[in-house]
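Asker:
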Amino acid sequence: MKIVVCIKQVPDTNEVKLDPVTNTLIREGVPSIINHDDKSGIEAALQLKEKVGGTVTVVCMGPPQADVALREALAMGCDEAVLVSAREFGGSDTYATATIIAAALKKIGYDLVITGRQAIDGDTAQVGPQIAENLHIPQVSYAEEINVEGDKVIVKRQYEDRYHIIEVKTPCLLTALQELAVPRYMHARGVVEAYEKEIKVLGFEELKDSLVLEHIGLKGSPTNVFKSFTKQAKGQGTLHADLSVDEAVQVIIDKLEERHII
Numbered sequence: 002m003k004i005v006v007c008i009k010q011v012p013d014t015n016e017v018k019l020d021p022v023t024n025t026l027i028r029e030g031v032p033s034i035i036n037h038d039d040k041s042g043i044e045a046a047l048q049l050k051e052k053v054g055g056t057v058t059v060v061c062m063g064p065p066q067a068d069v070a071l072r073e074a075l076a077m078g079c080d081e082a083v084l085v086s087a088r089e090f091g092g093s094d095t096y097a098t099a100t101i102i103a104a105a106l107k108k109i110g111y112d113l114v115i116t117g118r119q120a121i122d123g124d125t126a127q128v129g130p131q132i133a134e135n136l137h138i139p140q141v142s143y144a145e146e147i148n149v150e151g152d153k154v155i156v157k158r159q160y161e162d163r164y165h166i167i168e169v170k171t172p173c174l175l176t177a178l179q180e181l182a183v184p185r186y187m188h189a190r191g192v193v194e195a196y197e198k199e200i201k202v203l204g205f206e207e208l209k210d211s212l213v214l215e216h217i218g219l220k221g222s223p224t225n226v227f228k229s230f231t232k233q234a235k236g237q238g239t240l241h242a243d244l245s246v247d248e249a250v251q252v253i254i255d256k257l258e259e260r261h262i263i
């Protein structure tokens, strides 16, 4: 089985800052990490490889420095790494990004594609499903458990107040929850080997047969970010102490009426 995991290098949200003038993320000086859901997807792929055999290829679309994220995945145990990078891809929204990654996957080949549910810097949860639509393959989102039986993948899918057990044939795409698997640590030998391996780069020239320039990059992105802002801290609420039950109920009712909720 050829498993391909799509990952994204994202800024560590514990240290994210916003430019007060442009309202965009300040990435300079902020450490980058592999997106959490994507890293769980890597671990799930490695566990499947150990159970049923095959290979794990990790793919990342981004600038040249995304090489670091790919080598971390190699150090975890992935067999191959592919960087999808070109100036023409810059400024792509989820639609354009999915179009580009799908073109790369067609060139690489796959039986099972795993992506993270969503990225911590955008939180759209759109790229994985859009890749599947571009590839015309079935998809299962919010995967919390994966098992493979022959050419079938059995997925336990998280759904609000219950679970779905879904059986799908390969080729297919799954989006992974962080709860899917606990990522393993890199080991010293893996780190050394990761920096000895070659990372294949796919640019616009390599993918142009499957892409239309007007449908990628900033020009081909139908959406754009109008404004970004940090979550504002709330002020301390009003504390009502030493109230009887009836008095407490009346305070709540008064507040709900004041806000026209009731």
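Sequential numbering of the sequence shown, starting at 2, is according to the numbering used here.
C-beta: ideal position from N, C-alpha, C; glycine also.
#1: With H, G and I counted as helix, E and B as strand and the rest as coil, what does DSSP make of Q66?
#2: When the distance is taken between beta carbons, is S93 closer than 8 Å to G63?
#3: Alpha helix (DSSP H) containing E161: first to last residue?
#4: What residue range is occupied by the uninterrupted alpha helix (DSSP H) comprising K52?
#5: Does the structure place the region 176-194 close enough to the region 140-147 that three or more beta carbon pairs sit under 8 Å?
#6: Using a Cβ-Cβ cut-off of 6 Å (strictly less than) and excluding sequence neighbours within five positions of V6, which residues of its own chain qualify?
#7: Measure the C-alpha to C-alpha separation of I121 and S245 and round it to an integer number of angstroms.
#8: For G55, which of S211, Q251 and G110 has the nearest alpha-carbon?
#9: So for Q140, helix, strand or coil by DSSP?
#10: Using DSSP with H/G/I as helix, E/B as strand and the rest coil, what is P12?
#11: Would T102 and I132 qualify as a contact pair, given that the criterion is a beta-carbon distance under 8 Å?
#12: Please say whether P184 and K40 have beta carbons closer to each other than 8 Å?
#13: By DSSP, does I121 sit in helix, in strand, or in coil?
#14: Let's test the definition: count the other Cβ atoms within 10 Å of the Cβ of L203 and tell me whether it reaches 16, buried, or not, exposed.
#15: Per DSSP, which residues does C173 bridge with? Please list them.
#16: If you follow the beta strand (DSSP E) that L84 is part of, which residue opens it and which one closes it?
#17: Flag this pair as yes or no: are the beta carbons of L49 and A195 separated by less than 8 Å?
#18: Given this structure, state the Cα-to-Cα distance separating V156 from Q127, to the nearest angstrom.
#19: Provide the residue span of the alpha helix (DSSP H) that contains V246, from first to last.
#20: How long is the line joining the alpha carbons of E258 and D243, rounded to whole angstroms?
#21: Given that a residue counts as buried once 16 or more other Cβ atoms are within 10 Å of its Cβ, and exposed if not, what is T224?
Answerer: By the coordinates alone:
#1: Q66 falls in the helix class under three-state DSSP.
#2: Going by C-beta atoms, G63 is not nearer than 8 Å to S93.
#3: From DSSP, E161 is part of no alpha helix (DSSP H); its letter is neither H nor E.
#4: Here the alpha helix (DSSP H) through K52 covers H37 to V53.
#5: Using a C-beta cut-off of 8 Å, the region 140-147 makes contact with the region 176-194, since at least three inter-stretch Cβ pairs fall below that distance.
#6: The answer, listed in chain order, is G42, I43, A46, V59 and I115.
#7: If you take the alpha carbons of I121 and S245, they lie about 44 Å apart.
#8: For G55, the nearest C-alpha among the options comes from G110.
#9: DSSP places Q140 in the strand class (E or B) of the three-state scheme.
#10: DSSP places P12 within a strand segment (E or B) once states are collapsed to three.
#11: The sequence as given places Ile at residue 102; Thr does not occur at that position. Result yes, Cβ atoms of I102 and I132 sit closer than 8 Å.
#12: Taking 8 Å as the Cβ cut-off, K40 and P184 qualify as a contacting pair.
#13: In the structure shown, I121 falls within a coil segment according to DSSP collapsed to helix, strand and coil.
#14: Flag for L203 reads buried.
#15: Bridge pairing for C173: L113 [DSSP].
#16: DSSP places L84 in the uninterrupted beta strand (DSSP E) bounded by E81 to V85.
#17: Not closer than 8 Å, so no.
#18: One C-alpha to the other measures close to 19 Å.
#19: For V246, the uninterrupted alpha helix (DSSP H) segment begins and ends at V246 to E259.
#20: Straight-line Cα distance between these residues: approximately 22 Å.
#21: With fewer than 16 neighbouring CB atoms inside 10 Å of its own CB, T224 falls in the exposed class.
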